[in-house]
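Asks: Mind looking over this structure? Questions follow.
2 protein chains.
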Amino acid sequence: MNIVIAGAGLIGQGWAIVFARGGCAVRLWDGDEAALARATTLISRQVNELENRGLLNDAQAVMARIQAVPDLALALQDADYVQENLPEVLELKQTFFSTLDTLAGPQTVLASSTSSIPASAFSEHLAGRSRCLVAHPVNPPYLVPVVELCGAPWTDPAIIEKARDIMQAIGQKPVTVNKELRGFVLNRLQGALLREAFRLVQGGYVSVEDLDVTVKDGLGLRWAFMGPFETIDLNAPEGVADYCNRYGGMFQDIAQEQTSIDAWDPALVHTVDQQRRALLPAADLLERRLWRDERLMALLLHKRQAEISQDAATS
Amino acid sequence: MNIVIAGAGLIGQGWAIVFARGGCAVRLWDGDEAALARATTLISRQVNELENRGLLNDAQAVMARIQAVPDLALALQDADYVQENLPEVLELKQTFFSTLDTLAGPQTVLASSTSSIPASAFSEHLAGRSRCLVAHPVNPPYLVPVVELCGAPWTDPAIIEKARDIMQAIGQKPVTVNKELRGFVLNRLQGALLREAFRLVQGGYVSVEDLDVTVKDGLGLRWAFMGPFETIDLNAPEGVADYCNRYGGMFQDIAQEQTSIDAWDPALVHTVDQQRRALLPAADLLERRLWRDERLMALLLHKRQAEISQDAATS
Chain A
3 MNIVIAGAGL IGQGWAIVFA RGGCAVRLWD GDEAALARAT TLISRQVNEL
53 ENRGLLNDAQ AVMARIQAVP DLALALQDAD YVQENLPEVL ELKQTFFSTL
103 DTLAGPQTVL ASSTSSIPAS AFSEHLAGRS RCLVAHPVNP PYLVPVVELC
153 GAPWTDPAII EKARDIMQAI GQKPVTVNKE LRGFVLNRLQ GALLREAFRL
203 VQGGYVSVED LDVTVKDGLG LRWAFMGPFE TIDLNAPEGV ADYCNRYGGM
253 FQDIAQEQTS IDAWDPALVH TVDQQRRALL PAADLLERRL WRDERLMALL
303 LHKRQAEISQ DAATS
Chain B
3 MNIVIAGAGL IGQGWAIVFA RGGCAVRLWD GDEAALARAT TLISRQVNEL
53 ENRGLLNDAQ AVMARIQAVP DLALALQDAD YVQENLPEVL ELKQTFFSTL
103 DTLAGPQTVL ASSTSSIPAS AFSEHLAGRS RCLVAHPVNP PYLVPVVELC
153 GAPWTDPAII EKARDIMQAI GQKPVTVNKE LRGFVLNRLQ GALLREAFRL
203 VQGGYVSVED LDVTVKDGLG LRWAFMGPFE TIDLNAPEGV ADYCNRYGGM
253 FQDIAQEQTS IDAWDPALVH TVDQQRRALL PAADLLERRL WRDERLMALL
303 LHKRQAEISQ DAATS
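Protein sequences appear in the order of chains A and B. Each residue of the first sequence is one higher than the last, beginning at 3 in the numbering used here. Each residue of the second sequence is one higher than the last, beginning at 3 in the numbering used here.
What follows is the structure in structure tokens.
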């Protein structure tokens, strides 16, 4: 499988690791040759780090599958799939997808990492618009496996399927978003929960610190390996319908009080910020991010081992 | 510390384990003596299971701290804290708290496990109403450490503090809910996210299966050890205010589309149920619950080890 990563910034670097780790031949392209050289160094460092953590086998073989290619036309020869990672500027994407559509062979899937621009906005004018889609990762994609796939109305369903198969083959977790939608699925779920979190702080019901405890030592535990629907499906004897029958009334009542939309109001943001800075001074943010990455890697390794040991137990 | 567990059903059994594991002397009371005997057997089985999993040390010592006491007045002698676990019926709680308030010494904290009845509803009529509160666990409390503490308007803040200290001392994670609130914090956050999840399925944007993937392989990973506020605080260079400045507009736009409250509509529940039953037949629910408990225990052990190894690294 030949993969082209277009744009060698942070997201492009992450994708290069994901595809190479998954066994693909990766051609990394960037319009800026110096950026391309820098990216290769950074990728190599990260790949070694992941090997040390047990999250990747054979760093040398992975690096051997990544090639920096400064000539876009050359990079696109016989490409099966392109993952574009340019800045979030519509005109840039439109122009670049025109170029891709001209240079890439007709079998090549053209995907964008954009989190905010729908595929329809950058592909409408193209002859090959039916092969364009968004494949939105979570950063960093070599740690967080979910990828949201969302086509334009004219995207060929077979192309979505192909992108899904590729993601599955390299060990990512594809989610198909069937129609274009602001924020896709992940950010809409995050926004809904954050909105209630802000509301509870605004009303003085709970501190920022305790709200986080409610999730990390309660709600978030099952969600980290089941998701919200399976969680409620297993929380009533007869499954999700039974659960909704028992608790839907309570949630419906609560919902009446959850319709305000001023979560992102500056005064409220200031309140949350003050509480966070009291818990973690700004000077410690960087160190805490390293802590987060440590914990995330450890959690992923744990999940992988839990899945392996359960597969072994059931086989 | 002398703890009385009143009501020896599933929740009462869970609490008995939590307090005894935390080093407290536990007196387990139930109006039904046969239920009390059954509970002791079930607790012993569970305590041994937790020891086998590495989630509890010295099962024998833990069991030695639990005593079944069929006489309530005797159980309450010199009690520091009572955790009530009767059925969710207001009249039952009102009568029982009257009894508790009469029999228990003035220093005893009186807490209810109720998830749906505010402390004001069962304590208003009591002479000792200032020592009553709700301490709402997540089931099972020996695996999920969060406890929501919520007093009535007349609950003495010192009593909330005392309950909080006790919970902390036994290794639970207390969350203080400052004012009475339907659903407390955990279920309000769960409801907000589920509402958007239902809405996305209703609109045909995503399948039930893929929605769960979005959380368990994406959003839920960081939430399982940080919570939602710390997650966004670390997701922008300058912290949460910076994050809201960058992404608040997007979330605000999304919020406009998230105000409908028909999430728990029967037709929609039916759709979700059909998709879940296609993924997991009703006959497999029981086995999948055992899988969930395995995974939850493994995740908790992982979290404990991750915390220990990081404490060691920073000391």
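Don't be surprised by glycine CBs; every beta carbon is placed ideally from N, CA and C.
(1) Write down every uninterrupted run of the beta strand (DSSP E) in the region 94–151 of chain A whose length is 3 residues or greater and which is fully enclosed by it, in chain order.
(2) Rounded to whole angstroms, what is the Cα-Cα separation between residue 168 of chain B and residue 220 of chain A?
(3) Can you list, in chain order, the stretches of the alpha helix (DSSP H) that have 4 or more residues and sit fully within the region 152–223 of chain B?
(4) Over the uninterrupted alpha helix (DSSP H) stretch that includes residue 78 of chain A, give me the two end residues.
(5) Between residue 261 of chain A and chain B, is there a C-beta pair that is closer than 9 Å?
(6) I'd like to know whether the C-beta of residue 140 of chain B is nearer than 9 Å to at least one C-beta of chain A.
(7) Report back the beta-carbon spacing between residue 201 of chain B and residue 257 of chain B to the nearest angstrom; my notes put them in contact at under 8 Å.
(8) Quick check: residue 198 of chain A and residue 190 of chain B, are their CB atoms within less than 9 Å of each other?
(9) Let me see if you follow: with CB-CB separation under 9 Å, is residue 242 of chain A close to chain B or not?
(10) Enumerate in chain order the residues of its own chain whose CB-to-CB distance from residue 15 of chain B is below 6 Å, with the five nearest sequence positions on each side excluded.
(11) Taking the C-alpha atoms as reference points, what is the distance between residue 194 of chain B and residue 186 of chain B?
(12) Can you check whether the C-beta of residue 320 of chain B is within less than 9 Å of a C-beta belonging to chain A?
(13) Who pairs with residue 287 of chain A in a beta bridge, going by DSSP?
(14) Beta carbon of residue 183 of chain B, beta carbon of residue 57 of chain B: below 9 Å?
(15) Residues in the region 163–175 of chain A with C-beta within 9 Å of chain B's C-beta atoms, listed in sequence order?
(16) Taking its Cβ as the centre, do 16 or more other Cβ atoms sit within 10 Å of residue 13 of chain A, making it buried, or is it exposed?
(17) Name the chain A residues that come within less than 7 Å of residue 92 of chain B, Cβ to Cβ?
(18) With a threshold of 9 Å between beta-carbons, can residue 136 of chain A be considered close to chain B, or not?
(19) For residue 52 of chain B, which of B:100, B:93, B:298 has the nearest alpha-carbon?
(20) Closer than 8 Å is the cut-off here; do at least three beta carbon pairs connect the region 110–123 of chain B with the region 301–309 of chain A?
(21) Helix, strand or coil for residue 266 of chain B? Go by DSSP, reduced to three states.
(22) If distances are taken between C-alpha atoms only, which option among B:312, B:296, B:241 comes closest to residue 280 of chain A?
(23) Inspect the beta-carbon positions of residue 210 of chain A and residue 274 of chain A and report whether they are closer than 9 Å.
(24) Closest Cβ-Cβ distance between residue 290 of chain B and chain A: below 9 Å?
(25) Is it buried or exposed, residue 276 of chain A, if we count other Cβ atoms within 10 angstroms and call 16 or more buried?
(26) Given this structure, state the Cα-to-Cα distance separating residue 302 of chain A from residue 103 of chain B, to the nearest angstrom.
(27) Does the separation of the CB atoms of residue 149 of chain A and residue 208 of chain B fall below 9 Å?
(28) For the alpha helix (DSSP H) containing residue 260 of chain A, name the first residue and the last one.
(29) Tell me which same chain residues have a C-beta within less than 7 Å of the C-beta of residue 282 of chain B, skipping the five on either side of it?
(30) Is it true that the region 87–101 of chain B meets the region 125–143 of chain B, where meeting means three or more beta-carbon pairs spaced less than 8 Å apart?
(31) For residue 206 of chain A, does the count of other Cβ atoms within 10 angstroms reach 16, so buried, or fall short, so exposed?
(32) Residue 194 of chain A versus chain B: which residues are under 7 Å apart at the beta carbon?
(33) If residue 218 of chain B and residue 226 of chain A are in contact, beta carbons under 8 Å, what's the gap, nearest whole angstrom?
(34) If you draw a straight line from the alpha carbon of residue 180 of chain A to that of residue 165 of chain A, how long is it in whole angstroms?
(35) In its own chain, which residues sit with a C-beta less than 8 Å from the C-beta of residue 278 of chain B, not counting the 5 before and 5 after it?
(36) Which one of B:79, B:11, B:245 has the shortest CA to CA distance from residue 268 of chain A?
Replies: Taking the geometry as given:
(1) With a minimum length of 3 residues, the continuous beta strand (DSSP E) runs that stay inside the region 94–151 of chain A are 111–114, 134–139.
(2) Roughly 18 Å separates the two Cα atoms.
(3) Runs of the alpha helix (DSSP H) inside the region 152–223 of chain B: 159–171, 188–204, 210–216.
(4) Residue range 74–78 is occupied by the alpha helix (DSSP H) that includes residue 78 of chain A.
(5) Yes, residue 261 of chain A lies at the interface with chain B (some Cβ there is under 9 Å from its Cβ).
(6) Yes, residue 140 of chain B lies at the interface with chain A (some Cβ there is under 9 Å from its Cβ).
(7) Their Cβ separation, rounded to whole angstroms, is 12 Å, which puts residue 201 of chain B and residue 257 of chain B out of contact at 8 Å.
(8) Against a cut-off of 9 Å, the Cβ pair of residue 190 of chain B and residue 198 of chain A comes out as a contact.
(9) For residue 242 of chain A, the answer is yes, since a Cβ of chain B falls inside 9 Å of its Cβ.
(10) Shown here for residue 15 of chain B: same chain residues with a beta carbon closer than 6 Å to its own, the five before and five after excluded, namely 41, 44, 45 in chain order.
(11) C-alpha separation (whole angstroms): 13 Å.
(12) Because chain B here runs from 3 to 317, residue 320 of chain B falls outside it and cannot be looked at.
(13) Looking at the DSSP output, residue 287 of chain A sits in no beta bridge, so it has no partner there.
(14) No, Cβ-Cβ distance for residue 183 of chain B and residue 57 of chain B is not below 9 Å.
(15) Residues of the region 163–175 of chain A whose Cβ lies closer than 9 Å to any Cβ of chain B, in chain order: 174, 175.
(16) Classification of residue 13 of chain A: buried, given that the 10 Å Cβ count is 16 or more.
(17) Residues of chain A passing the Cβ test: none, with the nearest at roughly 15 Å.
(18) Look at residue 136 of chain A: its C-beta is not under 9 Å from any C-beta on chain B.
(19) Looking at the Cα atoms, B:298 is the closest of the given residues.
(20) As far as the Cβ criterion goes, the region 110–123 of chain B does not touch the region 301–309 of chain A, which means the pair count is below three.
(21) The DSSP-derived three-state label of residue 266 of chain B is coil.
(22) It is B:241 whose Cα lies nearest to the Cα of residue 280 of chain A.
(23) Yes, Cβ-Cβ distance for residue 210 of chain A and residue 274 of chain A is below 9 Å.
(24) Interface residue, yes.
(25) The residue is exposed, with fewer than 16 neighbouring Cβ atoms inside 10 Å.
(26) Straight-line Cα distance between these residues: approximately 49 Å.
(27) With respect to the 9 Å criterion, residue 149 of chain A and residue 208 of chain B are not classified as neighbours on the basis of their beta carbons.
(28) Unbroken run through residue 260 of chain A: none, as it is neither H nor E.
(29) Only 290 meet the Cβ criterion.
(30) Inter-segment contact for the region 87–101 of chain B and the region 125–143 of chain B is present: three or more beta-carbon pairs are separated by less than 8 Å.
(31) Here residue 206 of chain A is exposed, its C-beta having fewer than 16 other C-beta atoms within 10 Å.
(32) Correct list: 194, 195, 197, 198, 260.
(33) Confirmed, about 6 Å.
(34) Straight through space, the alpha carbons of residue 165 of chain A and residue 180 of chain A are spaced by roughly 14 Å.
(35) Contacts found: 210.
(36) The shortest CA-to-CA distance from residue 268 of chain A to any of B:79, B:11, B:245 is the one to B:245.
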